[in-house]
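To start, the structure under review is shown below, and the notes come after it.
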Amino acid sequence: MAMELVKEKWLNAINKVTIGSTAEEGGSRTKVVTLGGEETLPFLHAEGALPYKPVIAYEVWDTPARDWPEGLSSVYGKVLNEPFAWAKICVEEYKAELLCVRLVGAHPDVENRSVEEEADFIEKIRKSCGVPLIVVGCGDTTKDNALLPVCSQVLKGEHCLIGSVTQDNYKTITASCLADGHNIIAESPIDVNIAKQLNILISDMGMPLERIVIDPTVGALGYGFEYAYSIMERSRLAALAGDKMLAMPFICFVGQESWRAKEARTAEDQHPEWGAVLERGIIWEAVTAAGFLQAGADILVMRHPKAVEIVQKNIEELMGK
Amino acid sequence: MALSGLDIYKLLPKTNCRECGFPTCLAFAMQLAKKAVELGRCPYLSPEAKATLEESSLAPIRLITFGKDKKIELGNETVLFRHEDKFYHPTAVGFIIDDNLSDKEIEERLDRINRLKFERIGQLLEPELVAIRQNADKKRFVEVLKIISQKIDLSFVLMSSDIDSQKEALSCVADKKPLVHPQGKENLQEFAKLAQEFKVPLVVCSSDLEEMSHLTKALKKQGWEDLILDITAKSLTEEIWNLTQIRRLALKKKDRSFGYPTLMVVDEKDPYLETIKAADYIAKYASIVLMQGTQPWQILSLLTLRQNIYSDPQKPLQIEPKVYPVGQVNEKSPVLVTTNFSLTYYTVLGEVEASRIPSYIMSVDTEGMSVLTAWAAEKFTPDKISSSIESFGVKNLVRHNRLVIPGYVAVMSGDLEEKSGWQVIVGPKEASGIPAFLKNLTRTGVG
Ligand code: SF4
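Protein sequence lines, in the order shown, are assigned to chains Y and X.
Okay, so the first sequence: first residue is 61 according to our numbering, each after it adds one.
Okay, so the second sequence: first residue is -1 according to our numbering, each after it adds one.
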């Protein structure tokens, strides 16, 4: 008699979310990316279908990336000052499946770029590359409320993923994304209840549940990693057990967090016992990403091509049946 | 499964003889279910009932201890997800040393391993194990073991499929209580006898769960239960599945044939991929991870992951609230206020150290909450900070009255100045801004 394993019977699956739309669908992307759809916990193929693999998005900024440590900025070199060339390298050389465009320059404390300037920039990005797009605001609520609706309109029909909205600020951006056919990032501060509440608020405005992605606000390895890890596990368990208001894929901003960590930045002469700084930065980003994959991450927004390569290999292995 | 009072009652003699000190067998059963009395108080239990009851009171995953100086404890886990309680016994990390390396290569490896010590948020992080793997004859195996035991203070794993070699190695380091890894399932009974003789745990290898269950049951019958399961398989997905199944079978089905800690060997040449695979194992229940790579960046990242995964989710790590001097402080040194959440404090500490500007860090009791959370929960308020200044006697430490607060709580400046009588300077939001901030502060002569 074959041994009886413990297989859970989950009642619900994670929503499938599609980013991008091709010419036939009214957009101009060369392909689309679908994610989510998990019928079980991460990588337990024998228990349920895991139809789509987790995807990595490369981060591209509208303004020269500042405060990136040497080991990270040196791989990009001069293109960090030239967003279109930067995007091109990510797509052509590093084979990015998704780009995450951050409109950092719009922030009043950075360059305070006007909405028109950014709209123009986004239009150029749209024309210059064919991969599906994630567009993230500058983080200043007032500015983002003016900026993101305009970007949403410029990108109408492209079926982007746009964000972020929060519990205190979701109406304006949700309304635009809804009207222009985009998906939306719902950000909650490491809190399952707020994540759920926000999804309810957004869907009450008419946003279909399969157009929402949860940003659980992750911390880097060693910097609060475990809080988001457990929040993601809890939220995924609740979703699989039937909670439709939590059955959204996760987006994790891994690159932004891990390259802030002291371990990713501190020169070897200051901490000789930590080993080579370049490898340390890369592994910090890669292990942070791998950790969140085990908690259910669907989109990883990353920075270093070597870290991406490693995590990509890990994903391939984890998705191999 | 913990038995209910009624389940237990069914196993008792039901004679109500009162010798246990309770009026009825049922009353005794109820107390047993609560674990309030000892089973031995009933003298009339049948041997079968006794066995069943003893078994049911055992931990579903056996606690295995080994290693002499550094007593390693593994297993005895209670949950599948850390938020349900916590993970108790952190994954032991170790390095494989092949005995066909030259003495020089071995010594270099040992030197590298000996340097792998890190401090993070007040805890010392270091690997626990070194595994000697046989590729040559018995003589070399024992010889390498001797080199290693002279140079290193970690616990041992002996990896050899040769009974004689294992026996001789065990007699050399018997007092260090090593772990016996027979590198396969040949002669398992013999190995169990040997393990039993030396009172050390034994690794059982199989990537097939059904076979594993048969093997552990047979060993238990034979009388040796200090086991660790090596389920290293061909694919990572199979391994994640098996690790998950073992934990589930032990906890949810109370299947004792899987109630043991697990061991994974990382077989991956590329040091990046090796690290990632080890990270997957650490996240998904492995009790021991053995690898080759000894690069500090590999081990620092893995031990940090382990520290995160095995931290107690119910209790954020806290430090004692008080004033901490950093560097050669004097009466002019700046005073920075933060919370007593370990992560916050140590992040601030790291940056203050990096600035090389001697300062005081005042850690306010926020019950382990971070700055923003504590502020929202009213644990980091002008009142709380003012009374901390008083009770910590900050006035006696410095001859100025300027206080630096985190940028995120800038809004409390006015209120805090009023309550404390100190002049409030708003510091950076992120700790990474501290060095530049402090330099500026001292240059302008404010601090
Ligand atoms: S001693 Fe045993 S048989 Fe007698 S009353 Fe107590 S439980 Fe029942």
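By construction, the Cβ of each residue, glycine as well, lies at the ideal position given by its N, Cα and C atoms.
These numbers were taken from a predicted model, which means no experiment stands behind them.
Q | Neighbourhood of ligand 1 [Cβ distance below 6 angstroms to any heavy atom], ordered by chain position | A | With the cut-off at 6 angstroms, the residues found are Leu10(X), Pro11(X), Thr13(X), Asn14(X), Cys15(X), Arg16(X), Glu17(X), Cys18(X), Phe20(X), Cys23(X), Phe26(X), Cys40(X) and Tyr42(X).
(Q) Spatial neighbours of Arg80(X) within its chain, please: C-beta separation below 6 angstroms, excluding the five flanking residues on both sides. (A) So the qualifying residues of the chain are Pro311.
Q.
Does Ala248(X) pass the burial test, meaning 16 or more other C-beta atoms within 10 Å, or should it be called exposed?
A. By the C-beta density criterion, Ala248(X) is buried, having at least 16 other C-beta atoms within 10 angstroms.
Q: State yes or no: is the C-beta of Glu339(Y) within less than 8 angstroms of the C-beta of Phe116(X)?
A: When the beta-carbon positions are compared, Glu339(Y) and Phe116(X) stay at least 8 angstroms from each other.
Q) Checking contacts by CB at 8 angstroms: is Thr235(X) closer than that to chain Y? A) Nearest CB-CB separation between Thr235(X) and chain Y: below the 8 angstroms threshold.
(Q) Applying the 10 Å Cβ sphere with the 16-neighbour rule, what's the burial state of Asp151(X)? (A) Exposed, by the Cβ-count rule.
Q: Tell me, please, which residues DSSP counts as bridged to Asn229(Y).
A: Per DSSP, Thr226(Y).
Q.
When you compare the CB of Ser290(Y) with every CB in chain X, is at least one pair closer than 8 angstroms?
A. Judged by the 8 angstroms Cβ criterion, Ser290(Y) is in contact with chain X.
Q. Of all the CB atoms in chain X, is at least one closer than 8 angstroms to the CB of Phe181(Y)?
A. With 8 angstroms as the cut-off, Phe181(Y) does not count as an interface residue toward chain X.
Q: Can you grab the Cα-Cα spacing for the pair Glu171(Y) / Glu142(Y), in whole Å?
A: Cα to Cα, Glu171(Y) sits roughly 15 angstroms from Glu142(Y).
Q: Specify, as a first and last residue, the run of the alpha helix (DSSP H) that Gln372(Y) falls within.
A: Secondary structure note for Gln372(Y): its alpha helix (DSSP H) is the uninterrupted segment Pro365 to Met379.
Q | Those runs of the beta strand (DSSP E) which lie wholly inside the region 208 to 281 of chain Y and span at least 3 residues | A | Qualifying beta strand (DSSP E) stretches, in chain order: 221 to 225, 243 to 247 and 272 to 275.
(Q) Bridge partners for Tyr118(Y) per DSSP, in chain order? (A) Leu159(Y) and Met362(Y), per the DSSP bridge assignment.
Q: Using a threshold of 8 angstroms, state whether the C-beta atoms of Leu439(X) and Pro332(X) are closer than that.
A: Contact check for Leu439(X) against Pro332(X) passes: the beta carbons are separated by less than 8 angstroms.
Q. Chain Y beta carbons: is any one of them nearer than 8 angstroms to that of Trp295(X)?
A. Cβ-Cβ to chain Y under 8 angstroms: yes for Trp295(X).
(Q) Starting from Leu334(X), trace the beta strand (DSSP E) in both directions and tell me its first and last residue. (A) For Leu334(X), the enclosing beta strand (DSSP E) stretches over residues Val333 to Thr337.
Q) Using a Cβ-Cβ distance under 8 angstroms, would Trp70(Y) count as near chain X? A) So no, Trp70(Y) is outside the interface.
Q.
Using the Cβ count rule (16 or more neighbours within 10 Å means buried), how would you classify Arg16(X)?
A. Classified as exposed, Arg16(X) has fewer than 16 neighbouring CB atoms from the shown chains inside 10 Å of its CB.
Q. Can you list, in chain order, the residues of the region 40 to 61 of chain X whose Cβ is nearer than 7 angstroms to any Cβ on chain Y?
A. So the list is empty, because no residue satisfies the distance condition.
Q. What are the boundary residues of the beta strand (DSSP E) that Asp96(X) is part of?
A. Ala90 to Asp96 is the extent of the beta strand (DSSP E) around Asp96(X).
Q. Name the chain Y residues that come within less than 9 angstroms of Ser309(X), Cβ to Cβ?
A. Per Cβ cutoff of 9 angstroms: Glu286.
Q: Determine, using beta carbons only, whether Asn243(Y) comes closer than 8 angstroms to chain X.
A: Not one chain X Cβ lies under 8 angstroms of Asn243(Y).
Q: Just the C-alpha distance for Cys170(X) and Lys102(X), rounded to the nearest angstrom, thanks.
A: Cα to Cα, the separation comes out at about 22 angstroms.
Q.
So the candidates are Cys220(Y), Gly380(Y), Ala246(Y) and Pro365(Y); which of them puts its Cα closest to the Cα of Trp146(Y)?
A. Measuring C-alpha to C-alpha distances from Trp146(Y) to each of Cys220(Y), Gly380(Y), Ala246(Y) and Pro365(Y) identifies Pro365(Y) as the nearest.
Q. Would you call the CB atoms of Asn259(Y) and Met305(Y) closer than 8 angstroms?
A. Yes.
Q | DSSP three-state assignment for Ala83(Y), whether helix, strand or coil | A | Shown here, Ala83(Y) sits in a helix according to DSSP, grouped into three states.
Q | C-alpha gap between Glu41(X) and Leu9(X), whole angstroms | A | Looking at the sequence itself, residue 41(X) is Pro, so the reference to Glu does not match. Using only the alpha carbons, I get a separation of about 13 angstroms.
Q: Could you please tell me which residues of the region 93 to 112 of chain Y, in chain order, have their CB closer than 7 angstroms to any CB of chain B?
A: Of the chains in the structure shown, none is chain B; the protein chains are Y and X.
Q) Does any C-beta atom of chain Y lie closer than 8 angstroms to the C-beta of Gln458(X)? A) Any question about residue 458(X) goes unanswered here, given that chain X covers just -1 to 445.
(Q) Please classify Val77(X) as buried or exposed, where buried requires at least 16 other C-beta atoms within 10 Å of its C-beta. (A) Exposed.
(Q) To be precise: take each residue of the region 269 to 284 of chain X, compare its Cβ to all Cβ atoms of chain Y, and keep it if any distance is under 7 angstroms. Which residues remain? (A) Listed by position, the residues of the region 269 to 284 of chain X near chain Y (Cβ gap below 7 angstroms) are Tyr270, Leu271, Thr273, Ile274, Ala277, Asp278, Ala281 and Lys282.
Q: Mind listing the chain Y neighbours of Arg354(X)? Cutoff is C-beta to C-beta under 9 angstroms, in chain order.
A: Simply none; closest approach about 11 angstroms.
(Q) Is there a Cβ of chain Y sitting closer than 8 angstroms to that of Arg246(X), yes or no? (A) So, interface residue.
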